[in-house]
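**Q** Let me begin by handing over the structure; questions about it come next.
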């Protein structure tokens, strides 16, 4: 019987355009949601933060390596690919064109990394300008992982912040170390924390722990 986690994939799209705003996440999700409205009601469907961007003067520059990626159930991939490929997305004053899609399988790995993990309990509007406690953050991570019968080693990276229509999101990048094969696929399917549609809590394989000190 096929492991249900193996039925999830990353659907990656090439991008054409010049730049996107520094705070692009909210606008990007709004545009994707307008094309794929069914994603909003699917708790496991997620949108990665854009990859292959270079920092600029108040914006992020796109390159040939820039990608938009969605984590979806395998059976949703064809529908999403057909709807998004060729679409033009308006992100503030910037427009990007979505190119061809490529399906990438989720893989077994003992080291996983998420660029941004956030929890609603540490991101209320009243705390928008307050630093997030790393201790509190890791405690919540451990509690949620325990609910999934997981107890990996947790390595916290840099603090992260994003402005959205729902308020300010606060959190950290996070590495999980020492998970077994089944657990790595399970956490890639379920994610961790909140705001999965805005790129948070989505884990990808990490080659090693060599770059722990430089985690973003």
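In my numbering, the protein residues as written are 60 to 275. Even for Gly, the Cβ is constructed at its ideal location relative to N, Cα and C.
(1) Please report the straight-line C-alpha distance between residue 274 and residue 172, rounded to a whole angstrom.
(2) Using the beta-carbon count (16 or more within 10 Å), is residue 260 buried or exposed?
(3) Below 8 Å on the Cβ atoms is my contact criterion, and I expect residue 244 with residue 129 to pass it. Report the Cβ-Cβ distance as a whole number of Å.
(4) Exposed or buried, what is residue 68 when buried is set at 16 or more other beta-carbons lying within 10 Å of its beta-carbon?
(5) Which term fits residue 174, buried or exposed, when burial requires 16 or more other beta carbons within 10 angstroms of its beta carbon?
(6) Could you compute how far the alpha carbon of residue 184 sits from the alpha carbon of residue 169?
(7) Taking the Cβ atom as the reference point for each residue, do residue 120 and residue 112 lie within a distance shorter than 8 Å?
(8) Taking the CB atoms as reference points, tell me whether residue 258 and residue 98 lie closer together than 8 Å.
(9) What's the call for residue 195, buried or exposed, on a 16-neighbour Cβ count within 10 Å?
(10) Would the beta-carbon of residue 76 fall within 8 Å of that of residue 153?
(11) In terms of DSSP beta bridges, what is residue 263 paired with?
(12) Anyone know if the C-beta pair for residue 249 and residue 197 falls short of 8 Å?
(13) How would you call residue 155, buried or exposed, if buried means at least 16 neighbouring beta carbons within 10 angstroms?
(14) In the structure shown, what three-state DSSP assignment does residue 227 receive?
(15) DSSP has residue 69 in a bridge; who is on the other side?
(16) Should residue 74 go down as buried or exposed, given a rule of 16 or more other Cβ atoms within 10 Å for buried?
(17) Taking just the CA atoms, how far does residue 88 sit from residue 142?
(18) Mapping DSSP to helix, strand and coil, what is residue 118?
(19) For residue 104, which residues from the same chain have a beta carbon less than 6 Å from its beta carbon, with the 5 sequence-adjacent residues on both sides left out?
(20) Can you tell me the Cα-Cα spacing of residue 231 and residue 79, whole angstroms?
(21) DSSP state of residue 184, grouped into three classes?
(22) Any idea what DSSP makes of residue 77, helix, strand or coil?
**A** Concretely, from the data shown:
(1) Here residue 274 is taken as the residue at index 215 of the chain shown, counted from 1. Here residue 172 is taken as the residue at index 113 of the chain shown, counted from 1. Annotation note: pLDDT 44 at residue 274 (below 50); position unreliable, coordinate value reported separately. About 9 Å.
(2) Against the chain shown, residue 260 aligns to sequence position 201. Result: buried.
(3) If you number the chain shown from 1, residue 244 lands on position 185. If you number the chain shown from 1, residue 129 lands on position 70. So it is not a contact: roughly 17 Å between Cβ atoms.
(4) In the chain shown, residue 68 corresponds to position 9, counting from 1. Flag for residue 68 reads buried.
(5) Within the chain shown, the letter at position 115 stands for residue 174. Classification of residue 174: buried, given that the 10 Å Cβ count is 16 or more.
(6) Within the chain shown, the letter at position 125 stands for residue 184. Within the chain shown, the letter at position 110 stands for residue 169. Its pLDDT being 43, under 50, residue 184 is placed unreliably in this model, and the value from its coordinates should be taken loosely. Roughly 35 Å separates the two Cα atoms.
(7) Position 61 of the chain shown, counted from the first residue, corresponds to residue 120. Position 53 of the chain shown, counted from the first residue, corresponds to residue 112. It is a contact, given that the beta carbons lie within the stated cut-off.
(8) Your numbering for residue 258 matches position 199 in the chain shown. Your numbering for residue 98 matches position 39 in the chain shown. No; because the gap between Cβ atoms is not below 8 Å, this pair is not in contact.
(9) Indexing the chain shown from 1 puts residue 195 at position 136. Looking at its Cβ environment, which holds fewer than 16 other Cβ atoms inside 10 Å, residue 195 is exposed.
(10) The residue you call residue 76 lines up with position 17 of the chain shown. The residue you call residue 153 lines up with position 94 of the chain shown. Cβ atoms of residue 76 and residue 153: closer than 8 Å.
(11) By 1-based counting over the chain shown, the position of residue 263 is 204. Bridge partners of residue 263: 172.
(12) For this step, residue 249 is matched to residue 190 along the chain shown. For this step, residue 197 is matched to residue 138 along the chain shown. No, they are not a contact pair.
(13) The residue given as residue 155 occupies position 96 in the chain shown. So residue 155 counts as buried.
(14) Looking up residue 227 in the chain shown gives position 168. Looking at residue 227 - three-state DSSP - the assignment turns out to be strand.
(15) Taking the first residue of the chain shown as position 1, residue 69 is located at position 10. In DSSP, residue 69 forms a bridge with 130, 163.
(16) On the chain shown, position 15 is the one that residue 74 refers to. With 16 or more Cβ atoms within 10 Å of its Cβ, residue 74 is classed as buried.
(17) Counting from one through the chain shown, the residue named residue 142 turns up at place 83. Counting from one through the chain shown, the residue named residue 88 turns up at place 29. Their Cα atoms are separated by approximately 15 Å.
(18) As a first step, residue 118 is located in the chain shown; it is residue number 59 there, counting from the start. It is a strand residue.
(19) Taking the chain shown and counting its residues from 1, one reaches residue 104 at position 45. Hits under 6 Å: 98, 131.
(20) Within the chain shown, numbered from 1, the residue matching residue 231 stands at position 172. Within the chain shown, numbered from 1, the residue matching residue 79 stands at position 20. When rounded, the distance between both Cα atoms is 22 Å.
(21) Along the chain shown, one-based indexing puts residue 184 at 125. Here the model assigns residue 184 a pLDDT of 43, short of 50, so the residue's position is not dependable and the matter cannot be decided.
(22) Here residue 77 corresponds to residue number 18 of the chain shown, with the count starting at 1. Three-state result, residue 77: coil.
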